[in-house]
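Per UniProt numbering, the sequence shown starts with residue 1, numbered consecutively.
Using N, Cα and C, we set each Cβ at its ideal position, and we do this for glycine too.
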Amino acid sequence: MDCKKPVLQDGQQTLPFQMKSEAFNLIHQRRSANYEANIWKCDFLESLDSIYDEPECKKRAEKLIEDVRSVIFGKAVELDSLAKLELIDSLEKLGLAIHFEVEIKEALATIAISIKQKNGNLNGEDDLYATALCFKLLRQHGYDVSQDMFSNFTDAKTGAFIRKSKHETIKGMLELLEASHLALEGENFLDAAREFSTTTLEETLANLDSFLAKQVIHALELPSQKRVQWFDVKWHISVEEKHRDMNAINLLELAKLNFNIVQATLQKDLRELSRWWGNLGLRENLNFARDRLVESFVFSVGLACEPDHSCFRKWLTKAINFILIIDDVYDIYGKLEELELFTIAVNMWDVSETKQLPECMQICFLALYNTTNDFVNEIQREKGWDQLLPVQVKKVWTDFCNALYVEAKWYTTGYTPSLQEYLSNAWISSSGSLLFAHAFFCLEQKVMKTEEYENFMEKSKDLLYNISVIVRLCNDLGTSSAEVERGDAPSSIVCYMREKNVSEEMARKHIKGMIDESWKKLNGECLTQMPMQLMQTFVNIARVAEGLYHQGDWFGVQDGDKRNKIKSLLLDPLSCSI
Numbered sequence: 001m002d003c004k005k006p007v008l009q010d011g012q013q014t015l016p017f018q019m020k021s022e023a024f025n026l027i028h029q030r031r032s033a034n035y036e037a038n039i040w041k042c043d044f045l046e047s048l049d050s051i052y053d054e055p056e057c058k059k060r061a062e063k064l065i066e067d068v069r070s071v072i073f074g075k076a077v078e079l080d081s082l083a084k085l086e087l088i089d090s091l092e093k094l095g096l097a098i099h100f101e102v103e104i105k106e107a108l109a110t111i112a113i114s115i116k117q118k119n120g121n122l123n124g125e126d127d128l129y130a131t132a133l134c135f136k137l138l139r140q141h142g143y144d145v146s147q148d149m150f151s152n153f154t155d156a157k158t159g160a161f162i163r164k165s166k167h168e169t170i171k172g173m174l175e176l177l178e179a180s181h182l183a184l185e186g187e188n189f190l191d192a193a194r195e196f197s198t199t200t201l202e203e204t205l206a207n208l209d210s211f212l213a214k215q216v217i218h219a220l221e222l223p224s225q226k227r228v229q230w231f232d233v234k235w236h237i238s239v240e241e242k243h244r245d246m247n248a249i250n251l252l253e254l255a256k257l258n259f260n261i262v263q264a265t266l267q268k269d270l271r272e273l274s275r276w277w278g279n280l281g282l283r284e285n286l287n288f289a290r291d292r293l294v295e296s297f298v299f300s301v302g303l304a305c306e307p308d309h310s311c312f313r314k315w316l317t318k319a320i321n322f323i324l325i326i327d328d329v330y331d332i333y334g335k336l337e338e339l340e341l342f343t344i345a346v347n348m349w350d351v352s353e354t355k356q357l358p359e360c361m362q363i364c365f366l367a368l369y370n371t372t373n374d375f376v377n378e379i380q381r382e383k384g385w386d387q388l389l390p391v392q393v394k395k396v397w398t399d400f401c402n403a404l405y406v407e408a409k410w411y412t413t414g415y416t417p418s419l420q421e422y423l424s425n426a427w428i429s430s431s432g433s434l435l436f437a438h439a440f441f442c443l444e445q446k447v448m449k450t451e452e453y454e455n456f457m458e459k460s461k462d463l464l465y466n467i468s469v470i471v472r473l474c475n476d477l478g479t480s481s482a483e484v485e486r487g488d489a490p491s492s493i494v495c496y497m498r499e500k501n502v503s504e505e506m507a508r509k510h511i512k513g514m515i516d517e518s519w520k521k522l523n524g525e526c527l528t529q530m531p532m533q534l535m536q537t538f539v540n541i542a543r544v545a546e547g548l549y550h551q552g553d554w555f556g557v558q559d560g561d562k563r564n565k566i567k568s569l570l571l572d573p574l575s576c577s578i
């Protein structure tokens with residue numbers, strides 16, 4: 001429907017911006033991003049059903065879990081450190097680690113103690129593959145291991161990597177590349193290791209068989225530290241099927257069944273969300289905005305795919321849907337004077353403040369208001385949060401809209417900020433704080449009082465900032481070209497191009513470098529004391545952004561590649577016996 005023009009009521013005071021000439025309003029045309037219509041129809045989504053939601057499938061999975069546990073973690077099983085590391089790596093890649101958390105934690109703790117006693121050596125071996133794998137897994141699990149673990153592979157005087165034939169196996173180079181992406185600030189060896197392993201793998205790629213080449217291309221495209229594990233489970237299953245060893249058959253059978261069971265839960269979530277979205281009616285009333293429920297849901301799956309996190313996924317999907325819509329209100333539809341009123345309404349959290357707005361903007365705010373209040377009420381009821389919850393949830397929405405309003409003013413006045421000024425606002429408009437808050441209040445088990453929460457947020461401010469910067473810059477890399485064509489407000493790429501008078505290619509290279517530096521800081525934050533699940537969920541915000549924006553605009557264009565990825569993740573089960 002077309003939005004109605006705002007109408008002043010009798011006796012109402014005229015606001016300053018309403019004194020502008022009528023000529024401006026006549027020539028001002030509503031912008032359009034020409035987003036494609038949504039391809040995922042409600043009838044289809046609400047018809048999703050899976051045989052893997054049946055009780056017998058879950059019983060079969062439980063039996064397989066116990067069988068695997070007894071075979072690979074039983075008392076009679078004696079594995080050396082490298083075999084344990086390879087097993088843990090396989091369990092994580094196949095999406096099974098959640099079922100063996102205790103065993104994995106105990107195994108890594110034992111290995112970490114052994115490493116410390118042996119001054120960084122694994123079993124006293126001069127083995128690059130084993131060392132890099134060990135370093136990677138320990139860092140990913142929060143152990144503050146030193147890059148000095150690699151001292152056996154460097155020149156004592158120069159610190160350069162020593163070329164030895166036995167070091168330069170493809171397996172060794174792959175793990176060295178993976179390990180290098182867990183570098184902290186100032187870890188120069190890992191920076192050199194990344195460059196060395198990348199060059200070596202690129203030079204040997206043409207001579208590899210298809211099995212190894214596939215793995216090398218995958219790692220060079222995006223390392224595991226920057227990937228959402230669950231998004232890659234099917235890929236790793238296909239790799240393992242071609243390279244079966246030890247207990248791989250049992251693991252693969254369990255991995256396939258586990259994937260299908262999780263997928264069945266995700267389909268149930270999506271059915272419920274589709275009904276909510278259809279009943280909300282925003283699709284019909286805000287036809288200028290992106291209708292991307294399924295893509296929003298995929299984002300939430302990336303943060304927490306586990307079946308027992310359905311509540312979190314559904315609330316986060318709703319929040320992401322509103323993030324997209326409100327972003328389009330500010331970027332595309334609203335006039336600056338309307339956006340000022342909308343921003344005031346959000347700051348005051350008052351529906352009556354929207355009376356002067358076009359009808360569609362009124363409907364948008366009312367839907368946000370009601371959905372947010374429903375979220376607050378449900379989480380308060382289930383977890384017992386006091387008034388801290390509604391205050392903080394309203395705050396992150398207010399901060400988000402205030403940041404979007406700043407960008408709208410830049411666009412309207414034709415102002416291009418410096419990259420530093422842009423980021424001081426853009427890390428908030430990235431929506432990172434909104435995603436962070438929803439994850440915290442849904443997943444944090446301990447109900448905090450105001451002072452305790454403030455202390456937590458103070459300790460987490462660098463974590464939140466670096467996650468948000470990664471989200472913003474990855475978004476800019478994926479969407480900047482389309483935004484330039486539409487004439488949107490300048491992105492980080494445009495800001496840097498104009499500030500430094502450089503080409504787009506040079507600007508993109510600089511932004512990628514900034515993302516890498518933010519990851520180093522984020523890697524350091526991961527070594528702080530925070531519950532593992534909560535930390536991984538927070539870091540997954542950055543990982544999802546890396547993965548979804550890696551090949552373009554995830555929320556804008558619904559092309560065949562994105563459609564196939566969604567089908568693989570949410571719709572198509574793996575072939576397996578029940």
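CA nearest to the CA of residue i, picked from the options
i	options	result
Arg194	Lys520, Val351 and Phe297	Lys520
Arg563	Phe135, Ile325 and Glu295	Glu295
Cys576	Phe259, Leu91, His550 and Ile104	Phe259
Thr412	Phe196, Gly334 and Met457	Gly334
Glu444	Ser433, Ile379 and Pro490	Ile379
Ser151	Leu174, Phe189 and Tyr129	Phe189
Ile325	Tyr422, Ser431, Ser352 and Lys383	Ser431
Ile515	Leu423, Ser460 and Leu534	Leu423
Glu185	Ser146, Leu389 and Val228	Ser146
residue 650	Ala255, Leu182 and Lys214	Since the first residue of the chain shown is 1 and the last is 578, residue 650 is not available in this structure.
Ala255	Met448, Gln551 and Lys63	Lys63
Ser300	Lys314, Asp327 and Asp308	Lys314
residue 583	Pro573, Ser180 and Gly142	With the chain covering only 1 through 578, there is no way to say anything about residue 583.
Asn196	Glu178, Val102, Tyr35 and Ser210	For the sequence presented, residue 196 should be read as Phe rather than Asn. Among Glu178, Val102, Tyr35 and Ser210, the Cα nearest to that of Phe196 belongs to Glu178.
Ser460	Cys495, Ala83, Leu82 and Met535	Met535
Val102	Phe73, Val557 and Gln267	Phe73
Three-state class that DSSP yields for residue i in the structure shown
i	result
Ala289	coil
Phe161	strand
Thr154	strand
Glu86	helix
Met497	helix
Thr416	coil
Glu444	coil
Tyr549	coil
Glu78	coil
His167	Reliability of the predicted coordinates at His167 is poor, the pLDDT of 47 falling under 50, and no value is obtained from them.
Leu8	The predicted position of Leu8 is uncertain, since its pLDDT is 34 and thus under 50; a value taken from the coordinates is nonetheless stated next. DSSP places Leu8 in coil when its eight states are reduced to three.
Ala489	coil
residue 604	Since the displayed the chain opens at 1 and closes at 578, residue 604 lies outside it and no answer follows.
Gln229	helix
Cys576	coil
Tyr143	coil
Glu185	coil
Arg275	helix
Ser568	helix
The alpha helix (DSSP H) enclosing residue i, as first and last residue numbers
i	result
Phe189	Asn188 to Thr204
Gln529	Here Gln529 belongs to no alpha helix (DSSP H), and DSSP marks it neither H nor E.
Cys42	Cys42 to Leu45
Pro55	Pro55 to Phe73
Ala37	It is not in any alpha helix (DSSP H) - Ala37 carries neither H nor E in the DSSP assignment.
Tyr129	Leu128 to Gln140
Tyr453	Thr450 to Lys459
Arg381	Glu359 to Lys383
Ala97	Note, Ala97: premise wrong, no alpha helix (DSSP H); not H, not E.
Cys305	It is not in any alpha helix (DSSP H) - Cys305 carries neither H nor E in the DSSP assignment.
Trp235	Val233 to Glu241
Trp315	Ser310 to Asp328
Leu212	Ser210 to Glu221
Gly524	Glu504 to Glu525
Contact between the region 520-539 and the region 451-471 (3+ Cβ pairs under 8 Å) | Touching, yes, given that three or more Cβ pairs across the two stretches are closer than 8 Å.
Does the region 341-354 come close enough to the region 498-506 to have 3 or more Cβ pairs within less than 8 Å?
-> Two segments are said to touch when three or more pairs of C-beta atoms, one from each, lie closer than 8 Å; by this definition the region 341-354 does not touch the region 498-506.
Would you check if the region 53-71 and the region 228-245 touch, i.e. whether three or more CB-CB distances between them fall below 8 Å?
-> As far as the Cβ criterion goes, the region 228-245 does not touch the region 53-71, which means the pair count is below three.
Could you tell me whether the region 398-409 touches the region 370-387, where touching means 3 or more Cβ pairs closer than 8 Å?
-> The region 398-409, when compared against the region 370-387, does not touch it at the 8 Å Cβ threshold.
Meets three-Cβ-pair contact criterion under 8 Å: the region 432-443 and the region 502-511 | These segments do not touch.
For the 8 Å Cβ check, are there 3 or more pairs between the region 345-360 and the region 302-311?
-> Short answer: they don't touch.
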